[in-house]
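Counting along the sequence shown from 1, when you hit position 72 you're at 280 in the numbering used here, and nothing is skipped either side. C-beta: ideal position from N, C-alpha, C; glycine also.
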Amino acid sequence: MLIAEGIGVAGGLACGVAYRPSTRRQAAVSIEHVYSTAKRRYERWSEDSSLPAAARELAHIYLALLTDPELRASIEGDVALGRTISEAITGACEQQARLLDGARHPYLQQRAHDLRALARELLALKDDAGQGGILLADTLTPLGLYEAYGGGAQGIILRDSLASTSHLAILARTIGLPLVAGVTVDVLAWQGRFVSIDGSSGQIWAGERDIALQAVVHTSYPLWLNAASSRNIATAQGYKGVGLFRTEFLYLQCGGVPAPEHEEEQYVAAVKAAAGKHIIFRLLDLGSDKPIAGLTREKEPNPMLGERGVRVLLRRRDILEQQIRALLAASAYGPLSIMVPMVVTPGEMAAVRNVQRELGASHLSLGAMLETPAALLMAKELGEVSDFFSLGTNDLAAYVYASDRGTDMHLPDNAEAMFRLMDIAVQAAKAQGREVGVCGELAADPRYAARFLDLGCDYLSMVAAAFPGVGKALRGRN
Ligand code: PEP
Ligand code: MG
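In structure tokens:
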């Protein structure tokens, strides 16, 4: 039953017990929920062509075991007798596995092994489900979003309304956390109820909805991925490379500077998840609406025009060095390059290059985000100290139109002023043989996809959920 409608801010479907942060641990976990979560997971794996054939085969085996009515009846029967879900899962799987242990045929012996493995999987999912659910909040900061994500939230319902270009919305989309905002009814009343949300349409239902799997697009178009964690990369399909890896995710998650070993581990995991596809890691982009106490300036009169991106990094050389060291270590596992946020002058790129050189990392290609009008106008000079560029249309639109990115701005005249400026930058970049990508939200807007490619941009980088729409808009194009 549809119970409310808000604004769909970050697409995707999610379901779970609705909770306020402090009540999450009391969330009820049903066998039905564990089963349907497992089923969705194995269905996705079984169709994921980026996984090895053996992994897909295993997913098929688990699916077959899951649909065995006897196993399910046995688990439900045990729960009815007063056992916990964990005891019931382990007991029922073990009972069936023992019957097969004695079998002579290696195929049946293998099924006993699979049954025990499935029990372990279901127990892990049960624990995840216990921590998951749909977070109910009046308002949320980027830090709060990461806490919710780290705590296993499956989706978010907010009372506040939210612009689609606000960082909170972008971050929710990037990490793949469905988010419905602007829900004016009293969301607190749903606490403890099982709800489903659709982060695209903004609809909220009571109970579990059948969650359709997103169609995978395998397109020949240069669609790259925006990601914030190795999990995003591991679950995405059909992308050519990662055009924007937001390293601020890790810092926001840690609420400060992570331990160097932890940072390195995260980047290595991302590179491994990309399995040979190129990743562009963007250096820490803090400031404005992504503050972290102790790292960014407090009480700036206008944070949007304050100390952001590379300006923070050049003040905090320790962080810049830690990031470059971690990326250097990660580069041993696969191809990557480094991108600098909020560049205004060639001098800033040269300063980062110097640090790179001092750390013995100059062989890693270094690019500049083009997201301030000054950077676009100086693209020729920037090209002398940069190996590639990426257009950051979110900040660029705000600076070009003197319009807050936190409000859903309407781009005047089909963004003509922005495109003229971008044309200057792309021409200058191309004259020097520099690649130019687009990683702002406009890249994910089907209305502009062809225009960017006509301009000479080499790829469009976006969250995986935007692939079908952009792929469709480009259909028929050579
Ligand atoms: C941009 O500004 O377009 C961009 C990609 O960076 P962010 O949204 O993180 O500021
Ligand atoms: Mg930006």
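Own chain, CB closer than 6 Å to A674, minus 5 neighbours either side, in chain order
Within the sequence shown, numbered from 1, the residue matching residue 674 stands at position 466. Closer than 6 Å at Cβ, skipping near neighbours: A652.
query = I487 to L650, Cα distance in whole Å?
reply = Position 279 of the sequence shown holds residue 487. Position 442 of the sequence shown holds residue 650. The straight-line gap from Cα to Cα measures roughly 20 Å.
- Under the three-state reduction of DSSP, which class applies to Q635: helix, strand or coil? Locating residue 635 in the sequence shown gives position 427, where the first residue counts as 1. The answer is helix: DSSP assigns Q635 an H, G or I state.
Check for me: the beta strand (DSSP E) holding S404 runs from which residue to which? Here residue 404 refers to the residue found at position 196 of the sequence shown. Start and end: F402 to D406.
- Compute the minimum distance between the beta carbon of N602 and the heavy atoms of the ligand MG, and state whether it is under 6 Å. Within the sequence shown, numbered from 1, the residue matching residue 602 stands at position 394. N602: yes, Cβ under 6 Å from the ligand MG.
Pairwise C-alpha distance: E240 and A296
Numbered from its first residue, the sequence shown carries residue 296 at position 88. Numbered from its first residue, the sequence shown carries residue 240 at position 32. Cα to Cα, A296 sits roughly 13 Å from E240.
For E624, verify whether its CB is less than 6 Å away from any heavy atom of the ligand MG. If you number the sequence shown from 1, residue 624 lands on position 416. No; taking the cut-off as 6 Å, the Cβ of E624 has no heavy atom of the ligand MG nearer than that.
Between G484 and R516, how many whole angstroms is the CB-CB distance? I'm expecting something under 8 Å. If you number the sequence shown from 1, residue 484 lands on position 276. If you number the sequence shown from 1, residue 516 lands on position 308. With a Cβ gap of about 33 Å, G484 and R516 do not count as contacting.
inquiry  = Given the structure, does E515 come close to the ligand PEP, in the sense that its CB is under 6 Å from one of the ligand's heavy atoms?
reply    = By one-based count along the sequence shown, residue 515 stands at place 307. Incorrect: E515 has no Cβ contact closer than 6 Å to the ligand PEP.
Any heavy atom of the ligand FMN closer than 6 Å to the CB of G568?
The model on display carries the ligand PEP and the ligand MG but not the ligand FMN.
What residue does the alpha helix (DSSP H) around V560 start on, and which one ends it?
-> The count along the sequence shown starts at 1 and reaches residue 560 at position 352. P554 to E566 is the span of the alpha helix (DSSP H), which, as asked, contains V560.
Using CA coordinates, which residue listed in A226, A300, L289 and L323 is at the minimum distance from A272?
-> If you number the sequence shown from 1, residue 272 lands on position 64. Out of A226, A300, L289 and L323, L323 has the C-alpha closest to the C-alpha of A272.
Would you tell me roughly how many angstroms separate the C-alpha atoms of G648 and L536, rounded to the nearest one? Looking up residue 648 in the sequence shown gives position 440. Looking up residue 536 in the sequence shown gives position 328. Distance between the alpha carbons of G648 and L536: 26 Å.
**Request:** Identify whether C647 lies in helix, strand or coil by the three-state DSSP scheme.
**Result:** Here residue 647 corresponds to residue number 439 of the sequence shown, with the count starting at 1. It is coil, neither helix nor strand.
Note to self: Can you check which of these residues, R439, K498 and C462, is closest to V476 by C-alpha distance?
What the structure shows: Position 268 of the sequence shown holds residue 476. Here the closest residue by C-alpha is R439.
Notebook entry, point to check: With 16 as the cutoff for other CB atoms within 10 Å, does D493 come out buried or exposed?
Noted result: As a first step, residue 493 must be located in the sequence shown, where it is residue number 285. The residue is buried, with at least 16 neighbouring Cβ atoms inside 10 Å.
Original post:
How about L308 and L460: are their beta carbons less than 7 Å apart?
Top reply: One-based indexing of the sequence shown puts residue 308 at position 100. One-based indexing of the sequence shown puts residue 460 at position 252. Not in contact: L308 and L460 (Cβ atoms no closer than 7 Å).
Margin query: Using only the alpha-carbon positions, how far apart do A636 and L599 sit?
Written below: By one-based count along the sequence shown, residue 636 stands at place 428. By one-based count along the sequence shown, residue 599 stands at place 391. Going by the C-alpha atoms only, they are around 13 Å apart.
* Assuming L387 contacts A218 under a Cβ cut-off of 8 Å, what Cβ separation, rounded to an integer in Å, is found between them? -> Taking the first residue of the sequence shown as 1, we reach residue 387 at position 179. Taking the first residue of the sequence shown as 1, we reach residue 218 at position 10. Indeed they touch by this definition, with Cβ atoms about 4 Å apart.
* With a threshold of 6 Å, establish whether the CB of E579 neighbours any heavy atom of the ligand MG. => Along the sequence shown, read from residue 1 onward, the residue named residue 579 stands at position 371. Under cutoff, so the answer is yes.
- Message: With a threshold of 8 Å, are at least 3 pairs of Cβ atoms found where one atom belongs to the region 542-557 and the other to the region 578-594?
- Response: yes
With DSSP as the reference, please indicate the residues paired to M670 in a beta bridge. As a first step, residue 670 must be located in the sequence shown, where it is residue number 462. Note: M670 sits in a beta bridge opposite L433.
Item checked: Between the CA atoms of I383 and L513 - distance to the nearest angstrom -> Residue 513 sits at position 305 when you count from the first residue of the sequence shown. Residue 383 sits at position 175 when you count from the first residue of the sequence shown. Using only the alpha carbons, I get a separation of about 26 Å.
Item checked: the region 660-678 / the region 437-454 touching (three or more Cβ pairs under 8 Å) -> yes
Note to self: Whole angstroms are fine: how far does the CA of Q303 sit from the CA of C462?
What the structure shows: Counted from its first residue, the sequence shown places residue 462 at position 254. Counted from its first residue, the sequence shown places residue 303 at position 95. One C-alpha to the other measures close to 43 Å.
Original post:
Under the rule that 16 or more other beta-carbon atoms within 10 Å means buried, what is S169, buried or exposed?
Top reply: Missing from the structure shown is residue 169; the chain here goes from 209 to 686 and no further.
Next item on the list: List the residues that DSSP assigns as beta-bridge partners of S545.
Entry: Here residue 545 is taken as the residue at index 337 of the sequence shown, counted from 1. In the DSSP output, where bridge partners are listed per residue, S545 has I488.
* Nearest-angstrom Cβ-Cβ length linking A226 and R401, presumed shorter than 8 Å -> Residue numbering aside, residue 226 sits at position 18 when the sequence shown is read from its first letter. Residue numbering aside, residue 401 sits at position 193 when the sequence shown is read from its first letter. Between R401 and A226 the Cβ distance is about 5 Å, and since that is below 8 Å, they are a contact.
task = Consult DSSP for T298 and reduce its assignment to one of helix, strand or coil.
result = Locating residue 298 in the sequence shown gives position 90, where the first residue counts as 1. Correct three-state label for T298: helix.
Simplified DSSP state of C687, which is helix, strand or coil: The first residue shown for the chain is 209 and the last is 686, placing residue 687 beyond what the model contains.
- Message: The alpha helix (DSSP H) that contains Q461, what's its start and end?
- Response: Against the sequence shown, residue 461 aligns to sequence position 253. Residues E456 to C462.
Tell me the residue span of the alpha helix (DSSP H) that contains V608.
The count along the sequence shown starts at 1 and reaches residue 608 at position 400. Taken as a continuous stretch (DSSP letters only), the alpha helix (DSSP H) holding V608 covers T601 to V608.
M557 versus F597: straight-line alpha-carbon distance, rounded:
Within the sequence shown, the letter at position 349 stands for residue 557. Within the sequence shown, the letter at position 389 stands for residue 597. Their Cα atoms are separated by approximately 12 Å.
Just checking my contact of L344 with L396 at CB under 8 Å: how many whole Å lie between their CB atoms? Here residue 344 refers to the residue found at position 136 when the sequence shown is read from its first residue. Here residue 396 refers to the residue found at position 188 when the sequence shown is read from its first residue. The pair is a contact, with the Cβ atoms about 6 Å apart (cut-off 8 Å).
Beta strand (DSSP E) containing A263: first to last residue?
For the purposes of this step, residue 263 is taken as residue 55 along the sequence shown, with counting starting at 1. Per DSSP, A263 belongs to no beta strand (DSSP E); it is in the alpha helix (DSSP H), A261 to L274.
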